[in-house]
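See below for the structure under consideration.
2 protein chains.
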Amino acid sequence: MKLSEAKAQFIQSWGLLGAQWGVNRTMAQIHALLLIAPEPLSAEEIMEGLDISRGNANMNVRELMNWGIVEKVLVPGERKEFFIAEKDIWRVGTAIARERKKRELDPILKVLLQLNKVEGDQKDKHVKAFRETMQNIQKFAHQTDAALNAFIKSEENWFYSTLLKVIK
Amino acid sequence: MKLSEAKAQFIQSWGLLGAQWGVNRTMAQIHALLLIAPEPLSAEEIMEGLDISRGNANMNVRELMNWGIVEKVLVPGERKEFFIAEKDIWRVGTAIARERKKRELDPILKVLLQLNKVEGDQKDKHVKAFRETMQNIQKFAHQTDAALNAFIKSEENWFYSTLLKVIK
DNA sequence: ACAATATTTCAATAACTTTTGAAAGTTCGA
DNA sequence: TCGAACTTTCAAAAGTTATTGAAATATTGT
């Protein structure tokens, strides 16, 4: 397989994966393009590489920077801005986990806490079922929260290798 | 807070969470409705409870059954079919993990394996960067795969409590 | 076998998301 | 301060996904 083919296929697959994760396709593709680029790329190069418009490129690069997995760099002697992706996939993983936790898990934890306050008679089976479900989910959510926090904090591989030993 | 309010809010939040996870909103809401119902619900009850059409209800209940987190039950003396949700959230979690792994991680692993075969000269920095990225991602993906498999296989809580002890 | 009741399908359409590209804004060197 | 080079914005258009509801299909009791 030739490099150009391989690159194209990688960009495609990464884009698909992103789409299934609620990240928009272009955003994931830009990330892929930057991941395999040996040098920083300019906005123009991104536009050409993926055949997308200027506005689209700008918007998605900005979002990637928000997520903390792409950075702006200045190349000496160049007026333009260039971009690079975090190449350590572990870091990329923790960055994504951090972002998703913030957007998804934290709000639901807040709601669950509220919903525990539902009034009512334990003898009413509707009340009982509701309460039990809430308590169950809350327990699970807290465990997930703890695991995720540990993952996010671990910038090193020790966590992972320890985990793997335990679950084997 | 009254039960009816609390229910409505839970359904709303669960729907939102689902949407962010790439599950469609209605599917998540039906799941929420079933989770807090003390008795099996019929298609009609789901339609009324969420104010959705018959077709929509049918389609999404079916999908939930595909995922293995909702079941059809027959109530003696009734012609209709009724539905219940798996109430053990841990099980729900593993079912979702299983489904997502199948749809997302497995295909990317396959592609990565292919892409490692890219031809070329190690001295070319483009080839080198590409190879390194692929190897990196592959390593990470395999670790994730291992962790996910362990999680999926664990139907019991031992895995989780052990994990929590280790990372504390 | 028939009528009554329940479920499934699917084409039309509504709702939502992404992309474009031209215009407005910014920055920088001379 | 001007203008060239670049970046950002945003309203309109394209593209995608979810929902409806009526028609087709299936199931059940008599």
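Protein sequences, first through last, are from chains A and B. The first sequence maps to residues 1 to 168 in this note's numbering. The second sequence maps to residues 1001 to 1168 in this note's numbering. Every residue, glycine too, gets a C-beta built ideally from N, C-alpha and C. Remember, it's a predicted structure, so these values are computed and weren't measured experimentally.
Measuring CA to CA, which of the options is closest to residue i?
i                 : options                                    : result
Ala1147 (chain B) : B:Arg1079, B:Lys1101, B:Glu1119, B:Ile1137 : B:Lys1101
Gln1012 (chain B) : B:His1031, B:Gly1022, B:Val1111            : B:His1031
Ala95 (chain A)   : A:Ala150, A:Gly68, A:Glu44                 : A:Gly68
Trp90 (chain A)   : B:Glu1045, B:Gln1138, B:Met1059, B:Pro1076 : B:Gln1138
Lys128 (chain A)  : B:Arg1025, B:Glu1039, B:Gln1009            : B:Glu1039
Asn1060 (chain B) : B:Gln1029, B:Ile1152, B:Ala1150            : B:Gln1029
Ala150 (chain A)  : A:Arg131, A:Ala97, A:Leu41                 : A:Ala97
Gly93 (chain A)   : B:Ile1152, B:Ala1037, B:Thr1144, B:Glu1048 : B:Thr1144
Asn1024 (chain B) : B:Arg1062, B:His1142, B:Glu1045, B:Ala1037 : B:Arg1062
Trp14 (chain A)   : B:His1142, B:Ile1108, B:His1126            : B:Ile1108
Asn1136 (chain B) : A:Lys125, A:Asn136, A:Leu113, A:Lys87      : A:Lys87
His142 (chain A)  : A:Glu132, A:Asp121, A:Lys125, A:Leu113     : A:Leu113
Glu132 (chain A)  : B:Glu1005, B:Leu1016, B:Ala1037            : B:Ala1037
Beta strand (DSSP E) containing residue i: first to last residue?
i                 : result
Val1111 (chain B) : Element bounds for Val1111 (chain B): not the beta strand (DSSP E) but the alpha helix (DSSP H), 1106-1115.
Below 8 Å on the Cβ atoms is my contact criterion, and I expect residue i with residue j to pass it. Report the Cβ-Cβ distance as a whole number of Å.
i                 : j                 : result
Ala1085 (chain B) : Leu1003 (chain B) : Not really, about 18 Å apart at Cβ, beyond 8 Å.
Leu105 (chain A)  : Met134 (chain A)  : Actually they are not in contact, since the Cβ atoms of Leu105 (chain A) and Met134 (chain A) sit about 16 Å apart, beyond 8 Å.
Leu1064 (chain B) : Leu1050 (chain B) : Their Cβ separation, rounded to whole angstroms, is 13 Å, which puts Leu1064 (chain B) and Leu1050 (chain B) out of contact at 8 Å.
Gly1022 (chain B) : Gln20 (chain A)   : 6 Å
Phe1083 (chain B) : Glu1099 (chain B) : Going by Cβ atoms, the distance from Phe1083 (chain B) to Glu1099 (chain B) rounds to 18 Å, so no, they are not a contact pair.
Lys1117 (chain B) : Met1 (chain A)    : 5 Å
Phe130 (chain A)  : Lys1007 (chain B) : 7 Å
Lys1080 (chain B) : Ser1053 (chain B) : Their Cβ separation, rounded to whole angstroms, is 17 Å, which puts Lys1080 (chain B) and Ser1053 (chain B) out of contact at 8 Å.
Asn56 (chain A)   : Thr26 (chain A)   : 6 Å
Val111 (chain A)  : Gln1009 (chain B) : 7 Å
Considering residue i, what are the terminal residues of the alpha helix (DSSP H) in which it resides?
i                 : result
Glu44 (chain A)   : 43-50
Asn5 (chain A)    : Position check: residue 5 (chain A) holds Glu in this sequence, whereas Asn was assumed. Note, Glu5 (chain A): alpha helix (DSSP H), 3-20.
Ile1030 (chain B) : 1025-1035
Inside the segment 58-141 of chain A only - alpha helix (DSSP H) runs reaching at least 4 residues:
Taking 4 residues as the shortest admissible run, the segment 58-141 of chain A contains the following complete alpha helix (DSSP H) segments, listed from N- to C-terminal end: 89-100, 106-115.
- In the segment 1087-1107 of chain B, which residues sit with their C-beta less than 9 Å from some C-beta in chain A, listed in chain order? Those would be Lys1087, Asp1088, Ile1089, Trp1090, Val1092, Gly1093, Arg1100, Arg1103, Glu1104, Leu1105, Pro1107, in chain order.
_Interface positions of the segment 1045-1066 of chain B facing chain A (Cβ-Cβ less than 9 Å), listed along the chain_ = Residues: none.
Give, in chain order, every residue of the segment 12-25 of chain A whose Cβ lies closer than 9 Å to some Cβ of chain B. Only those residues of the segment 12-25 of chain A whose C-beta falls short of 9 Å from the nearest C-beta of chain B are listed: Gln12, Ser13, Trp14, Leu16, Leu17, Ala19, Gln20, Trp21, Gly22.
**Where the segment 1117-1130 of chain B meets chain A: residues whose CB sits under 9 Å from a CB there** = The residues in question are Lys1117, Val1118, Glu1119, Gly1120, Asp1124, Lys1125, His1126, Val1127, Lys1128, Ala1129, Phe1130.
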